[in-house]
């Protein structure tokens, strides 16, 4: 279930030094269509060019005035917009809200030349408050410093391909991703040193994030509490969506709660 309270592409990087190569472009692969508007926090980040808007990243509404996404989602100077309340992106509906971004704040320690350093998180301050409706609601965020146990079942959502190399989906998709803990994910034959403790790894052999919705949420529903956002989609393997031992890598939201609160308070 959704939490209604307002709690508080992409670039290709490869290394010739033996580090695993990865890409910052993620879509849901082998996902299934979600029930319309069952993810009311889901956002689409759009870039404006020559009077047209282009889908560049996913995001999460975390407050009526703020959207959380990835730091690498802003490769261009110019205007960015946020679409809320969407399900089928080919249909314009009364449920949808499109709002200009007033200010973009990328984490100060994010390095656009090396996303494996982490801190791949950003906040968009909206030019006006989103109207909270059944279709548009802020998400709850993970508790401060919480570490997801190995095997926890979570979900990635986005408008992505249904197979590697496939076409973009018109409707919002969801994929089940079991968490892979840091001990496993940082093994040399997995992601090695490309993964830090401020990341969350999640995914298996058949469902993954790949080729588009970077910045979208990793949502986990633990126990009988409301579902919360534990990750921001950051990067996947450049070798392919279903590469063994290369789960999708997310920025761990629980490591950035203080930064999120401070940023919102100061802006």
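Numbering (my numbering), first residue to last: 4 to 270. Where is the CB? At the ideal position from N, CA and C, for every residue including glycine.
Among 234, 54, 241, nearest to residue 62 - alpha-carbon criterion:
In the chain shown, residue 62 corresponds to position 59, counting from 1. Taking only the C-alpha atoms, the option nearest residue 62 is 234.
Under 8 Å between the Cβ atoms of residue 64 and residue 58?
Here residue 64 refers to the residue found at position 61 when the chain shown is read from its first residue. Here residue 58 refers to the residue found at position 55 when the chain shown is read from its first residue. For residue 64 and residue 58, no; Cβs fall outside 8 Å.
By DSSP's criteria, residue 236 is part of a beta bridge. Which residues make up the other side?
Looking up residue 236 in the chain shown gives position 233. The partner list for residue 236 (beta bridge, DSSP) reads 253.
Just to confirm my understanding: we take residue 147, look at its own chain, exclude 5 residues before and 5 after, and list those with CB closer than 8 Å. What are they?
Here residue 147 corresponds to residue number 144 of the chain shown, with the count starting at 1. Same-chain partners within the cutoff: 257, 260, 261.
Can you give me the Cβ contacts of residue 188 inside the same chain, cut-off strictly under 6 Å, excluding the 5 residues immediately before and after it?
As a first step, residue 188 is located in the chain shown; it is residue number 185 there, counting from the start. 194, 198, 204, listed in sequence order.
In angstroms, rounded to a whole number, what distance separates the CA positions of residue 93 and residue 186?
Numbered from 1 along the chain shown, position 90 holds the residue referred to as residue 93. Numbered from 1 along the chain shown, position 183 holds the residue referred to as residue 186. Looking at the two C-alpha atoms, the distance is approximately 42 Å.
For residue 254, collect the residues of the same chain with a Cβ closer than 6 Å to its Cβ; drop the 5 residues on either side in sequence, then sort them by chain order.
By 1-based counting over the chain shown, the position of residue 254 is 251. The residues are 123, 124, 235, 237.
Is the separation between the beta-carbon of residue 153 and that of residue 192 shorter than 8 Å?
Taking the first residue of the chain shown as 1, we reach residue 153 at position 150. Taking the first residue of the chain shown as 1, we reach residue 192 at position 189. No; because the gap between Cβ atoms is not below 8 Å, this pair is not in contact.
If we call anything under 8 Å between Cβ atoms a contact, is residue 180 one with residue 143?
Looking up residue 180 in the chain shown gives position 177. Looking up residue 143 in the chain shown gives position 140. Their beta carbons are not under 8 Å apart, which means residue 180 does not touch residue 143 by this criterion.
Give me whichever residues DSSP pairs with residue 160 in a beta bridge.
Counting from one through the chain shown, the residue named residue 160 turns up at place 157. In DSSP, residue 160 forms a bridge with 177.
Bridge partners for residue 202 per DSSP, in chain order?
Numbered from 1 along the chain shown, position 199 holds the residue referred to as residue 202. DSSP, once it has assigned bridges, lists 254 as partnering residue 202.
Whole-angstrom distance between residue 119 and residue 24, CA atom to CA atom
Position 21 of the chain shown, counting from 1, holds the residue named residue 24. Position 116 of the chain shown, counting from 1, holds the residue named residue 119. At residue 24, the pLDDT of 36 sits below 50, so the modelled position is not reliable; the number obtained from the coordinates is stated separately. When rounded, the distance between both Cα atoms is 10 Å.
Within 10 angstroms of its Cβ, does residue 252 collect 16 or more other Cβ (buried), or is it exposed?
Translated into the one-based positions of the chain shown, residue 252 becomes position 249. Buried is the call here.
Out of 161, 200, 68, which one is the CA nearest neighbour of residue 90?
Residue 90 sits at position 87 when you count from the first residue of the chain shown. Nearest of 161, 200, 68 to residue 90, Cα basis: 161.
The alpha helix (DSSP H) enclosing residue 263, as first and last residue numbers
Within the chain shown, the letter at position 260 stands for residue 263. Run containing residue 263: 260-268, per the alpha helix (DSSP H) assignment.
Less than 8 Å between the beta carbons of residue 39 and residue 132, yes or no?
Here the question's residue 39 lines up with position 36 in the chain shown. Here the question's residue 132 lines up with position 129 in the chain shown. No; because the gap between Cβ atoms is not below 8 Å, this pair is not in contact.
Buried or exposed: residue 35, going by 16 or more other Cβ atoms within 10 Å of its Cβ?
One-based indexing of the chain shown puts residue 35 at position 32. Exposed, by the Cβ-count rule.
Taking the alpha carbon of residue 201 as the point to measure from, which residue in 140, 135, 151 has its own alpha carbon closest?
As a first step, residue 201 is located in the chain shown; it is residue number 198 there, counting from the start. The candidate whose alpha carbon is nearest that of residue 201 is 151.
Taking 8 Å as the threshold (C-beta atoms), are residue 263 and residue 129 in contact?
Indexing the chain shown from 1 puts residue 129 at position 126. Indexing the chain shown from 1 puts residue 263 at position 260. Cβ atoms of residue 129 and residue 263: not closer than 8 Å.
Please classify residue 12 as buried or exposed, where buried requires at least 16 neighbouring CB atoms within 10 angstroms.
The residue given as residue 12 occupies position 9 in the chain shown. At residue 12 the pLDDT is 27, less than 50, meaning the model places this residue with poor confidence and gives no usable figure here.
Give every residue of the same chain whose Cβ lies closer than 7 Å to the Cβ of residue 107, excluding the five residues on either side of it in the sequence, and list them in chain order.
The residue labelled residue 107 in the question sits at position 104 within the chain shown. 77, 83, 125, 127.
Between the Cα of residue 136 and the Cα atoms of 98, 113, 69, which residue gives the shortest distance?
By one-based count along the chain shown, residue 136 stands at place 133. Checked all of 98, 113, 69; the closest Cα to residue 136 is 98.
Give me, in chain order, the residues of the same chain whose beta-carbon lies closer than 8 Å to that of residue 100; leave out the 5 immediate sequence neighbours on both sides.
As a first step, residue 100 must be located in the chain shown, where it is residue number 97. Only 86, 87, 88, 133, 134, 139 meet the Cβ criterion.
Assuming residue 188 is part of the alpha helix (DSSP H), what are its boundary residues?
Residue 188 sits at position 185 when you count from the first residue of the chain shown. Residues 185-188.
Terminal residues of the beta strand (DSSP E) in which residue 46 lies
One-based indexing of the chain shown puts residue 46 at position 43. 45-52 is the extent of the beta strand (DSSP E) around residue 46.
Pick from 221, 250, 81, 249 that is closest to residue 55, judged by C-alpha positions:
The residue labelled residue 55 in the question sits at position 52 within the chain shown. That would be 81, whose Cα lies nearest to the Cα of residue 55.
Does residue 196 pass the burial test, meaning 16 or more other C-beta atoms within 10 Å, or should it be called exposed?
Along the chain shown, one-based indexing puts residue 196 at 193. So residue 196 ends up on the exposed side.
Count the other CB atoms within 10 Å of the CB of residue 69; is the residue buried (16 or more) or exposed (fewer)?
Sequence index remark: in the chain shown, residue 69 carries index 66 (1-based). Under this definition residue 69 is a buried residue.
Using the C-alpha atoms, what's the distance from residue 115 back to residue 229?
Against the chain shown, residue 229 aligns to sequence position 226. Against the chain shown, residue 115 aligns to sequence position 112. In a straight line, the C-alpha of residue 229 is about 33 Å away from that of residue 115.
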